[in-house]
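Participant: Numbering (my numbering), first residue to last: 12 to 148. Built from N, CA and C at the ideal position, the CB exists for glycine as well. On a predicted model such as this, the values are computed, not experimentally measured, just so you know.
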Ligand code: 5GP
Ligand code: ZN
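(1) What does the alpha-carbon distance come out to for the pair residue 138 and residue 117?
(2) When DSSP labels each residue in this structure, what does residue 139 get in the three-state scheme?
(3) Quick check: does the Cβ of residue 129 come within less than 8 Å of any heavy atom belonging to the ligand 5GP?
(4) Going by beta-carbon coordinates alone, are residue 140 and residue 104 separated by less than 9 Å?
(5) Going by DSSP in three states, residue 45 sits in which element: helix, strand or coil?
(6) Could you tell me whether the segment 38 to 46 touches the segment 85 to 99, where touching means 3 or more Cβ pairs closer than 8 Å?
(7) Check whether the segment 90 to 97 touches the segment 116 to 130, taking contact to mean three or more Cβ pairs, one atom from each stretch, closer than 8 Å.
(8) Pick out every residue whose C-beta is nearer than 6 Å to a heavy atom of the ligand ZN: which are they, in chain order?
(9) Based on the DSSP secondary-structure assignment, which residues constitute the bridge partners of residue 77?
(10) Which residue or residues does DSSP assign as beta-bridge partners of residue 124?
(11) I'd like to confirm something about residue 137: is its beta-carbon nearer than 8 Å to some heavy atom of the ligand 5GP, or not?
(12) Using a 10 Å radius around the Cβ and a threshold of 16 neighbouring Cβ atoms, would you call residue 98 buried or exposed?
(13) At what residue ranges does the segment 74 to 118 contain a whole run of the alpha helix (DSSP H), taking only runs of 4 or more?
This is the structure:
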């Protein structure tokens, strides 16, 4: 994975703004965002990407990530709450597209060690297509 930046166009009141995104070397999800690592993309837009989890835990298990690297939910919320809103909106779009919005689904941000986070590029798990249990393991 190189250090080459990607330029994206972001809509705004004053018109599109060009934002440079620098992939973090050795970050798996930056690699997917840069199309350097293959993934089954289900939908994408200039700010966020949705792709199927390689190890699905339910009939529908999709990850939604920002193109920009933020390590976890706390850092994303502190850095760009608008991008967090985009991420959550994209998670719901995925649920609608996968036909699980009516039956219900779960959106999970595993955060940190006790949260079970294994990839340090923030991602929302969108999980559904079966009955979820509570409490989670
Ligand atoms: P976490 O454990 O950080 O909450 O979630 C990371 C998720 O990324 C896991 O559900 C894992 O299955 C998924 N994952 C790990 N490596 C890959 C990969 O190379 N491609 C895809 N599509 N998913 C991956
Ligand atoms: Zn990253």
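Facilitator: This is what the structure holds:
(1) Cα to Cα, residue 138 sits roughly 5 Å from residue 117.
(2) If DSSP states are grouped into helix, strand and coil, residue 139 belongs with the strands.
(3) At least one heavy atom of the ligand 5GP lies less than 8 Å from the C-beta of residue 129.
(4) Not in contact: residue 140 and residue 104 (Cβ atoms no closer than 9 Å).
(5) Residue 45: coil per DSSP, three-state reduction.
(6) Contact between the segment 38 to 46 and the segment 85 to 99 is absent: fewer than 3 CB-CB pairs across the two stretches fall below 8 Å.
(7) The count of Cβ pairs closer than 8 Å, one atom from the segment 90 to 97 and one from the segment 116 to 130, stays below three, leaving the stretches out of contact.
(8) Those residues having their beta-carbon less than 6 Å away from any non-hydrogen atom of the ligand ZN are, in chain order, 35, 38, 40, 41, 80 and 132.
(9) For residue 77, which the question treats as bridged, DSSP gives the partners 59.
(10) Assignment of beta-bridge partners to residue 124 by DSSP yields no partner.
(11) Every heavy atom of the ligand 5GP is 8 Å or more from the Cβ of residue 137, so no.
(12) In the assembly as shown, residue 98 is a buried residue. Its beta-carbon has 16 or more other beta-carbons within 10 Å.
(13) For the segment 74 to 118, whole alpha helix (DSSP H) runs of length 4 or above, ordered along the chain, are 84 to 90 and 92 to 108.
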